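Protein chains: 2
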Amino acid sequence: MKLSRLVEQIKEKQTFLCVGLDSDVDRLPEGLSRDLDGLVEFNRAIIEATRDSCVAYKINTAFYERYGSSGWKALEKTRAILPNTHFLIADAKRGDIGNTSSYYATCFFEHLDFDALTVAPYMGRDSIEPFLGYADKHAILLGITSNPGSADFQKTRAEDGEMMFEKVLQKAIHWGSPENLMFVCGATQGAHLSRARKIAPAHFFLVPGVGYQGGDLRTVCKHALNNNIGLLVNSSRGIIYASSAKDFQRASAEKAREVSLEMKKIIQNTLI
Amino acid sequence: MKLSRLVEQIKEKQTFLCVGLDSDVDRLPEGLSRDLDGLVEFNRAIIEATRDSCVAYKINTAFYERYGSSGWKALEKTRAILPNTHFLIADAKRGDIGNTSSYYATCFFEHLDFDALTVAPYMGRDSIEPFLGYADKHAILLGITSNPGSADFQKTRAEDGEMMFEKVLQKAIHWGSPENLMFVCGATQGAHLSRARKIAPAHFFLVPGVGYQGGDLRTVCKHALNNNIGLLVNSSRGIIYASSAKDFQRASAEKAREVSLEMKKIIQNTLI
């Protein structure tokens, strides 16, 4: 999907919500079989319930890969029911030397036809470039993540006083453009988000960590909105596990609408 | 596999060779069908040809994942024919927030029963710990890699003058022990390998980059051997593509024996 189409959708729908399908066989609600068939049925129900309230879906590949090839089959089935109207992200955090990364790109951009893939930066430019060579596809590079471990290396100060995540953004914006490169910036990172936005004013940020991990939507927006909104804020557990009872679909729909409405208010206040 | 068993094998066999199954459907030799069945047959032939000359096998998951679930099926079939006498490495470079990493660990350590998995460090401690909680399993953390992109972030100097890869090793040795944690240190990194060895004297290093990528076995050994040898030196393309003709199995066996003999000489000189 072209970036311009994503921006249009955000403006049309007045939401920048990404629903995360971290769907876990062990946590399926009442009424569904606790196996991979049940998982795909669950995803179908969640997609139906949330599609009008979001512009993107994010699949966490580990939740499928856990079961090996049969989990990958469920991932493929889920991809087949994801609506191509939406911006579709594989959250797989891949990255390897050039010729190997190019096969991960084949998998996620060709075989599975996702719009975007999360990518780890540690191995540098040649590990990332294979993901930047596809028209209308997007590498989403880890910048500053939402987890406690983000303090270990991402915040290590370089000799000029800047932190590693700043170095990653500074270098990477010369490798890709806002058309093919986004960054993961965690909702829990407060003022670091402002710094990321200053370095990459036009790039979209995928923002995990709102809700369960303690991040706050308004704080994120205060630090990182840009003229195109520039954010895809992800919610996984808060929406998909809104209820574990038979009414889970209605509960997820309501929760997604609620988050989306808050986003609408933010967009309207921002554009005034 | 326990570390002590790996060390015993290295001493018994007088080799520290790891054969990398970066097996590529597009490069299968004459006489094999160019599909996933051919790929598994190729792996079977390479394993037969090399098992006496190596102590470890490394599977590059991207070469299988490229085909989605059917590629993963070929990966599972290949795992089933890998000999459990050998140290078995999944080179997948995974890593995510804690609960997600734990599912990658489930996949590679339980479902596929590999002995070790390569792991990316950028997300810090909680992204790595799930791989350290298994008896006789090993996380192999990226330290300093063999590719050109290693210069981008791994060699960024921190405010105390040390490079990022040194920071990664320094922190990680407190998270795991030589019993459950190894490091990837690329053969092309010359004197940086000495520095890595100084920081982590007792940890094993998985060393890619000998051969095709330009690294040299003797240079690696000069910088990074320890009392237990402490190295698994990987060769992929140099061995598995030793010939593209019908005699590929014989050619691969010869090449593996040759590399292994060079290792034997190094071990014998070292122990004198």
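First to last, the protein sequences are chains U and Z. The opening position of the first sequence corresponds to residue 1 in the working numbering, with each subsequent residue numbered one higher. The opening position of the second sequence corresponds to residue 1001 in the working numbering, with each subsequent residue numbered one higher. No residue lacks a Cβ here, since even glycine has one placed at the ideal position from N, Cα and C. In this text the structure is predicted, and so the values were computed from the model without any measurement.
| Query | Result |
| --- | --- |
| Uninterrupted beta strand (DSSP E) stretches inside the segment 35 to 90 of chain U (no shorter than 3 residues) | 56 to 60 |
| Identity of the residue in U:T106, U:V207, U:G20 nearest G1068 of chain Z by Cα | U:T106 |
| Identity of the residue in U:D136, U:D152, U:Q268, U:H223 nearest A191 of chain U by Cα | U:H223 |
| Within-9 Å CB hit, I273 of chain U to chain Z | Outside the displayed span of chain U (1 to 272) sits residue 273 of chain U, for which this structure offers no information. |
| Sequence-distant residues of the same chain with beta carbon closer than 8 Å to V973 of chain Z, five excluded per side | Past the boundaries of the shown model lies residue 973 of chain Z; chain Z is included only from 1001 to 1272, so the question cannot be answered. |
| Near-chain Z residues of the segment 102 to 119 of chain U (beta-carbon distance less than 7 Å), N- to C-terminal order | Y103, Y104, T106, C107, H111, L112 |
| Presumed contact (8 Å Cβ cut-off) between A116 of chain U and I89 of chain U, rounded CB distance | 5 Å |
| Assumed close pair V168 of chain U, L132 of chain U - CB separation to whole angstroms, cut-off 8 Å | No, V168 of chain U and L132 of chain U are not in contact; Cβ-Cβ is about 15 Å, not under 8 Å. |
| Spatial distance of P29 of chain U from A1172 of chain Z (CA atoms) | 39 Å |
| Min CB distance L1075 of chain Z to chain U below 9 Å | yes |
| Alpha-carbon to alpha-carbon, L1181 of chain Z and V1040 of chain Z | 30 Å |
| Closer than 9 Å to chain U by CB, K1167 of chain Z | yes |
| Cβ of F1063 of chain Z within 9 Å of any chain U Cβ | yes |
| Residue ranges of each beta strand (DSSP E) within the segment 1004 to 1037 of chain Z, 3 or longer | 1017 to 1021 |
| Per-residue DSSP class, three states only, for S1260 of chain Z | helix |
| Close Cβ partners of I1097 of chain Z (< 8 Å) along its chain, the five nearest in sequence each way excluded | M1123, D1126, S1127 |
| Nearest-angstrom Cα separation, counted from P1130 of chain Z out to D26 of chain U | 18 Å |
| Per-residue burial, N1269 of chain Z [other beta carbons within 10 Å of its own, 16 or more giving buried] | exposed |
| Span separating the alpha-carbon of S1155 of chain Z from that of R1257 of chain Z | Per the sequence shown, residue 1155 of chain Z should be read as Lys rather than Ser. Distance between the alpha carbons of K1155 of chain Z and R1257 of chain Z is about 35 Å. |
| For M1001 of chain Z, three-class secondary structure by DSSP | coil |
| Interface flag, M263 of chain U vs chain Z, CB-CB below 9 Å | no |
| With 16 other Cβ atoms within 10 Å as the buried cut-off, status of A135 of chain U | exposed |
| Own chain partners of G31 of chain U with C-beta closer than 7 Å, once the 5 adjacent residues on each side are dropped | K246 |
| C-beta atoms of Y57 of chain U and L82 of chain U nearer than 9 Å | yes |
| Beta-bridge pairing of I140 of chain U - partner residues as DSSP gives them | U:T118, U:M182 |
| Cut-off 8 Å between Cβ atoms - residues of its own chain near W1175 of chain Z, not counting five sequence neighbours on either side | R1125, I1128, E1129, L1132, L1181 |
| Secondary structure of M1164 of chain Z, DSSP reduced to three states | helix |
| Chain U contact for E1048 of chain Z (CB, 9 Å cutoff) | no |
| Own chain residues within Cβ distance below 8 Å of L1075 of chain Z, not counting five before or after | I1059, T1061, Y1064, E1065, L1112 |
| Identity of the residues DSSP links to V207 of chain U by a beta bridge | U:V233 |
| Where K1002 of chain Z falls, given that 16 or more other Cβ within 10 Å makes a residue buried | exposed |
| Option in Z:P1201, Z:S1004, Z:Y1104, Z:R1051 with minimal Cα separation from A1253 of chain Z | Z:R1051 |
| First through last residue of the alpha helix (DSSP H) which encompasses A1187 of chain Z | A1187 of chain Z -> no alpha helix (DSSP H), and no H or E assigned at all. |
| Enclosing alpha helix (DSSP H) for I1218 of chain Z [first to last residue] | A small correction: the amino acid at residue 1218 of chain Z is Arg; Ile does not occupy that position in the sequence shown. Run containing R1218 of chain Z: 1217 to 1224, per the alpha helix (DSSP H) assignment. |
| Listed by chain order, chain U residues near L1142 of chain Z by CB distance under 8 Å | Y122, M123 |
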